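Reviewing the structure listed below.
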Amino acid sequence: MKSISIPGKIFLLGEYAAIDGGLSIIAPVRPPYRYELGESLAHPESPYGRYLREFGLSSAVQIRSVAQGPGSGLGSSTAELIAGAISHRGSAFDPEALLVWYQSRFPEASGGDLLVQAISGKFVGNLYQYSHRSKAKPFTASPSVLSRIQVFRVCESNKLRTHEDLRKNRPVLALERMNQWTERGVLALQGESEEGFLGFNEFAEYLSSLGLETARARVIRESFRRCSGVISAKGCGAGLNDVFLVVMDLSATAEELKLVRKTADQHGLQSMGSLGEVLW
Numbered sequence: 088m089k090s091i092s093i094p095g096k097i098f099l100l101g102e103y104a105a106i107d108g109g110l111s112i113i114a115p116v117r118p119p120y121r122y123e124l125g126e127s128l129a130h131p132e133s134p135y136g137r138y139l140r141e142f143g144l145s146s147a148v149q150i151r152s153v154a155q156g157p158g159s160g161l162g163s164s165t166a167e168l169i170a171g172a173i174s175h176r177g178s179a180f181d182p183e184a185l186l187v188w189y190q191s192r193f194p195e196a197s198g199g200d201l202l203v204q205a206i207s208g209k210f211v212g213n214l215y216q217y218s219h220r221s222k223a224k225p226f227t228a229s230p231s232v233l234s235r236i237q238v239f240r241v242c243e244s245n246k247l248r249t250h251e252d253l254r255k256n257r258p259v260l261a262l263e264r265m266n267q268w269t270e271r272g273v274l275a276l277q278g279e280s281e282e283g284f285l286g287f288n289e290f291a292e293y294l295s296s297l298g299l300e301t302a303r304a305r306v307i308r309e310s311f312r313r314c315s316g317v318i319s320a321k322g323c324g325a326g327l328n329d330v331f332l333v334v335m336d337l338s339a340t341a342e343e344l345k346l347v348r349k350t351a352d353q354h355g356l357q358s359m360g361s362l363g364e365v366l367w
């Protein structure tokens, strides 16, 4: 088997809404996770661990990691599952069939990251709108917009474990309202609506009001919002706590961007560059 490369992912908008069938925007990102045949060390309760056990796969068809990609919180568990399923199924690998299997075993997850990671590996430069827990539609973002969105990630010790967060009871979500913010976000990313970026703020504020944003994430987000030259700021992932997007104004200066990066440093965040730089 040749090395299998699977991109990471970032939920730009739509956390929690996607679980209930709402809209979300997902970005496949680099560097990729890479795997090859070898002894697997998958956790038995991880998605790939469950897959190995159910299909009774021997070490001869198991995979091992040879490159960690962007790391934990950016699609590592679903990337491992996809690579394992590809090594098992070969040319018969079906992303949609794997999605059905995954959702039946992990109903608390939307599966959007898995589907986008599985289908985007052969393509580059697209974002994806995910809906109805089954459909991923690619769209092209404006390069000038992508260059204005700065991406920062938390260190491993501050990450909120997704599987633990998803096991919590969640309030009923106003999906129609959340979908409107996401639809506006698509237009903003395509360069058709500056106002659409305000939906990033509104989406985060709404989830925060429901207790779905961690206290630390809220402090970080508000710190970015206070920076001159920032249109919007939003955390991504479980608890909106793993990755932070900061959208700079069209007229933002180098000094204002420097202040944003300094703010990130003060919170112990690591810069990943612009969204354009990390997009698969």
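Each residue of the sequence shown is one higher than the last, beginning at 88 in this note's numbering. Each residue gets a CB set at the ideal place from its N, CA and C atoms; glycine is no exception. Values in this document were obtained by computation on a predicted structure and should not be read as measured data.
Since residue i sits in a beta bridge, which residues does DSSP pair it with?
i: Tyr215; result: Ile113 and Pro225
i: Lys246; result: The partner list for Lys246 (beta bridge, DSSP) is empty, contrary to what the question assumes.
i: Tyr122; result: Ile91 and Ser152
i: Leu332; result: Val238 and Lys321
i: Leu100; result: Ile112
i: Gln357; result: Arg240
Would you give the residue range spanned by the beta strand (DSSP E) that residue i belongs to?
i: Ser48; result: Given a span of 88 to 367 for the chain in the structure shown, any question on residue 48 remains unanswerable.
Examine the ligand NAD and report whether any of its heavy atoms sits within less than 7 angstroms of the Cβ of residue i.
i: Ala104; result: Although the ligand NAD was asked about, the structure shown includes no ligands whatsoever.
Within the continuous alpha helix (DSSP H) that includes residue i, where are the two ends?
i: Lys345; result: Ala341 to Gln353
i: Val317; result: Here Val317 belongs to no alpha helix (DSSP H); instead the beta strand (DSSP E) covers Val317 to Cys323.
i: Val365; result: Leu362 to Val365
i: Glu132; result: Taken as a continuous stretch (DSSP letters only), Glu132 belongs to no alpha helix (DSSP H), as it is neither H nor E.
i: Arg271; result: Leu262 to Leu276
i: Val203; result: Gly199 to Ser207
i: Leu165; result: According to the sequence shown, residue 165 is Thr rather than Leu. Run containing Thr165: Ser163 to Arg176, per the alpha helix (DSSP H) assignment.
i: Gly286; result: Leu285 to Ser296
i: Arg415; result: With the chain running from 88 to 367 in the structure shown, residue 415 is simply not present.
i: Ala184; result: Pro182 to Arg192
Grab me the residues of residue i's own chain with a C-beta within less than 7 angstroms of its C-beta, minus the 5 sequence neighbours each way, in chain order.
i: Glu243; result: Ser159
i: Ser319; result: Phe284, Leu285, Phe287, Asn288 and Val334
i: Ala304; result: Gly322, Gly326, Leu327 and Asn328
i: Asn256; result: none
i: Leu297; result: Pro258
i: Ala228; result: Leu214, Leu276 and Gln277
i: Val273; result: Ile112, Gln216 and Phe226
i: Ile150; result: Tyr122, Glu123, Leu124, Gly125, Ser127, Ala170, Gly171 and Ser174
i: Val211; result: Trp367
i: Ser295; result: Arg305
i: Met359; result: Val238, Phe239, Arg240 and Val365
i: Val153; result: Ser90, Arg121, Tyr122 and Glu123
i: Ala184; result: none
i: Tyr138; result: Leu168, Gly171 and Ala172
i: Arg192; result: Arg137
Can you round the beta-carbon distance between residue i and residue j to whole angstroms, since I take them to be within the 8 angstroms contact cut?
i: Asn266; j: Leu110; result: 5 angstroms
i: Glu286; j: Arg308; result: In the sequence as displayed, the identity of residue 286 is Gly instead of Glu. Not really, about 14 angstroms apart at Cβ, beyond 8 angstroms.
i: Gly198; j: Leu214; result: About 17 angstroms; that fails the 8 angstroms criterion.
i: Ala275; j: Phe284; result: 5 angstroms
i: Pro119; j: Gly156; result: 5 angstroms
i: Pro92; j: Gly208; result: In the sequence on display, residue 92 carries Ser and not Pro. Rounded, the Cβ-Cβ distance is 7 angstroms, consistent with contact.
i: Arg240; j: Leu356; result: 7 angstroms
i: Pro182; j: Gly363; result: Rounded, the Cβ-Cβ distance is 26 angstroms, inconsistent with contact.
Tell me which same chain residues have a C-beta within less than 8 angstroms of the C-beta of residue i, skipping the five on either side of it?
i: Ser361; result: Leu233, Ser234, Arg235, Ile236, Gln237 and Val238
i: Thr269; result: Leu100, Gly101, Ala104, Gly109, Leu110, Ser111, Ile112, Gln216, Gly286 and Phe290
i: Ile173; result: Ile91 and Phe180
i: Ala261; result: Tyr293
i: Arg264; result: Tyr293
i: Glu282; result: Arg271 and Ala275
Keeping to the same chain, check which residues put their C-beta closer than 6 angstroms to that of residue i; ignore five residues upstream and five downstream.
i: His219; result: Gly108
i: Pro225; result: Asn213 and Tyr215
i: Ala222; result: Checking the sequence, you will find Lys at residue 222 rather than Ala. Closer than 6 angstroms at Cβ, skipping near neighbours: no residue.
i: Ser90; result: Arg121 and Glu123
i: His354; result: Ile307
i: Gly316; result: Met335, Asp336, Ala339 and Glu343
i: His47; result: A question about residue 47 goes unanswered here, because the residues of the chain that appear run from 88 up to 367.
i: Ile97; result: Ala114, Val116, Cys323 and Val330
i: Gly95; result: Val116, Gly156, Pro157, Leu161 and Gly162
i: Pro134; result: Ser164 and Leu168
i: Gln41; result: Because the chain is modelled from 88 through 367, residue 41 falls outside the range shown and cannot be assessed.
task: Determine, using beta-carbon pairs with one atom in the stretch 130-148 and one in the stretch 101-108, whether at least three such pairs fall under 8 angstroms.
output: no
message: Does the contact criterion of 3 or more C-beta pairs under 8 angstroms hold for the stretch 161-170 versus the stretch 200-209?
response: yes
message: Does the stretch 348-364 come into contact with the stretch 296-313, if we say contact requires no fewer than three beta-carbon pairs (one atom in each stretch) closer than 8 angstroms?
response: yes
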